[in-house]
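Position 55 of the sequence shown, counted from 1, bears residue number 55 in the UniProt record's numbering, the numbering being contiguous throughout.
One structure is given here, and the rest of the page talks about it.
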Amino acid sequence: MPSLEREQIRAHFWRDLMVLTNRSIQVTLRVPWAIIPNLAISLFFLFVYQGGLSGIAKMPGFSGTHYLNFILPVAVVSGAVGGAGSAGQALIRDLDNRYFTKLRITPVSRTALVLAPMIAGMLQLVVQTALIPVVALLMGLKTPTGAAGLLVIILLAAGWGLAFAGYAVATALRSGNGQAAQAATFIFFPLLFLSDTFVPLNLIGAKWMRIAAHINPTTYVFDAMRSVLVRGWQGRPLLWGALAIVILCAVTLSFAVYTATKTLRRS
């Protein structure tokens, strides 16, 4: 493929992505209160876990770690995943009002078509997840990495939410049902509880659960967040957490693009 043609395709993709993302953001801004239920659930988890389980931090394996620092990633990641289904619901609305049918006769990039609502959903998740650490600060959170560490947590949560948004988009397109997109994110809860959610890995008693936690990508995302909340800047857990996010994003995005292409052909 000639270099000029590749440049034109690349420019066409970025133009499509900007236009479609802007449209998705505008749709999201029409109902800004939509984040409230998911945010409320995440804060509820934070209050309940901190209030009911904070005594666990006195166990030797915690080494004096404040339980709020340990449990905060659970609330943040739960909020990010819970809001990921909105990207799939946005695409279902486009199917219902025949917007997809109109796009079929245009040269719009299929990848941009899928990425746009996912990016808009990720930006919504950034706002939502940023509020959770703010509440944690009011509860007495203190971190060795300061504001920069909290920013890293928000970015990791946004990436994890983007990965699940791809899964929600693919599920929505395959089923043609917006509720299925929201329900698709429930797969996160087995991943949540088969991880080092409430205690460190060395304190998990059942061997099969430790094995499950070791192969669970959620564990590495939690560890990356906890490294900046508890131990300070450490490259290894951040690298593994980022790698888990990149791999899952690649898988779910590929699945979403493939599903969108098939849907456009038959719409």
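We put the beta carbon where it would ideally sit given N, CA and C, even for glycine.
Does DSSP put residue i in a helix, a strand or coil?
i	result
LYS142	coil
ILE247	helix
MET1	With a pLDDT of 49 at MET1, under the threshold of 50, the modelled position of this residue cannot be trusted; read the value that follows with caution. MET1: coil per DSSP, three-state reduction.
ARG30	coil
residue 268	Absent from the model: residue 268. The displayed extent of the chain is 1 to 267, so no value can be given.
MET18	helix
Between which two residues does the alpha helix (DSSP H) containing residue i stretch?
i	result
ILE71	67 to 82
LEU229	Looking at the DSSP string, LEU229 is not in any alpha helix (DSSP H), and its letter there is neither H nor E.
LEU48	Checking the sequence, you will find Val at residue 48 rather than Leu. Per DSSP, VAL48 belongs to the alpha helix (DSSP H) from 36 to 53.
Does the Cβ-Cβ distance between residue i and residue j come in under 7 Å?
i	j	result
ASP16	VAL108	yes
ILE132	VAL76	yes
VAL48	PHE188	no
THR261	ARG110	yes
VAL74	THR197	yes
LEU191	THR171	no
LEU173	THR28	no
LEU46	LEU141	no
LEU43	VAL126	no
ALA212	LEU201	no
Any heavy atom of the ligand COA closer than 6 Å to the Cβ of residue i?
i	result
ALA112	This structure simply doesn't include the ligand COA, nor any ligand for that matter.
_Sequence ranges, beta strand (DSSP E) only - wholly within the stretch 182 to 223, length at least 3_ = none
*Are the stretch 144 to 155 and the stretch 45 to 65 in contact at 8 Å, needing three or more beta carbon pairs?*
no
_Check whether the stretch 223 to 231 and the stretch 247 to 255 are in contact - that is, three or more C-beta pairs closer than 8 Å._
no
_Those runs of the alpha helix (DSSP H) which lie wholly inside the stretch 105 to 162 and span at least 4 residues_ = 110 to 138
*Hey, is the stretch 160 to 170 in contact with the stretch 115 to 122, meaning 3+ C-beta pairs nearer than 8 Å?*
yes
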